[in-house]
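Input: a single structure, listed below in structure tokens.
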Amino acid sequence: MRHELDYIFRPNSVAIIGASTRKGTIGRETLHNILIGEFNGKVFPVNPKAPVIHSIKAYSTVLDVPDAVDLAIIIVPKEEVIEVARQCGEKGVRGLVVISAGFSEVGPEGRAREQELLGVIRAYGMRMIGPNCFGIVNTAPDVSLNATFGKTFPNRGKIAFISQSGAMGEAIMNQAKELGIGFSLVASIGNKADISSNDILLYLKDDPQTEIILLYLENFGNPRNFTRIARELSRAKPI
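Here is the structure:
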């Protein structure tokens, strides 16, 4: 039986909602990274204004994708995220990575929007990384997923890196590349409205690709729980 986070970190198919043909946009760079990284699953660009993106057929909405979708990368304006998430739920998508910003990081209105988004996630039984994040990477040979908008594809290695800050995460990825340091998995968790560092630590406990865990966190949602999990996990994998 698949772990619920496998649909995010080891998906068989990915929809990029907000994929773009315009160079320099997050939607274009994220799709580009997934393709040049040679992701081992199916890729579905979603954009109602572009029938073809990167020589791949695009779809108006995720509901129009003919195949099952494990993971949706959401890169649309903040006002559209909740409806897109609802469509993902209707489609049966199991995992979301919401790169879009404009949620709890911007004040009361954003916090209310984030709570509404979380309500949709829970209503459909999905799991979500973000919002306001940089994306995720899994370098395992049978996955090879770089769903970020950065310019670096990390070397394969045994270190898992969880970063709350997207900017810090990208900077460390770039520096690690220069130093020849590799990663097994990278997760930028952003506002961590649903999936937290604690959830990912528990997931990494049984990940054979990971031997060391690197964390950059700006706050702890549940410090006592984090301490318990970190103490248990660090017996086998240094944090």
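So the mapping is simple: the working numbering equals the position in the sequence shown, first residue as 1, plus 882.
For every residue, glycine included, the Cβ atom is placed at its ideal position computed from N, Cα and C.
Distance between residue j and residue i (C-alpha atoms, nearest Å)
i, j, result
"Leu945", "Gly971", "10 Å"
"Glu1028", "Ile955", "Before going on, a small fix: residue 1028 reads as Asn here, not Glu. Cα-Cα distance, rounded: 11 Å."
"Ala1075", "Phe1043", "19 Å"
"Met1055", "Ser1026", "16 Å"
"Tyr889", "Pro990", "31 Å"
"Gly906", "Gly900", "13 Å"
"Thr1124", "Lys1040", "Nothing can be reported for residue 1124, as the shown portion of the chain is limited to 883 through 1121."
Under 9 Å between C-beta atoms of residue i and residue j
i, j, result
"Phe985", "Asn1073", "yes"
"Asp1024", "Arg892", "yes"
Beta strand (DSSP E) segment containing residue i, residue limits
i, result
"Val928", "924-928"
"Arg1009", "1009-1011"
"Thr1030", "1027-1030"
"Ile1018", "1017-1020"
Residue closest to residue i, alpha-carbon to alpha-carbon, out of the options
i, options, result
"Val988", "Gly977, Arg976, Pro1013", "Pro1013"
"Val928", "Thr912, Ala1058, Asn922", "Thr912"
"Ser1066", "Val951, Val1019, Phe1031", "Val1019"
"Ser1079", "Arg1038, Ile918, Tyr1098", "Tyr1098"
"Thr943", "Leu917, Leu953, Ile935, Ala897", "Ala897"
"Gly1048", "Gly1032, Pro930, Gly1039", "Gly1032"
Secondary structure of residue i, DSSP reduced to three states
i, result
"Ile1121", "coil"
"Arg884", "coil"
"Leu1099", "coil"
"Lys1040", "strand"
"Tyr889", "helix"
"Phe1124", "Because the chain spans 883 through 1121 in this model, residue 1124 falls outside it and cannot be assessed."
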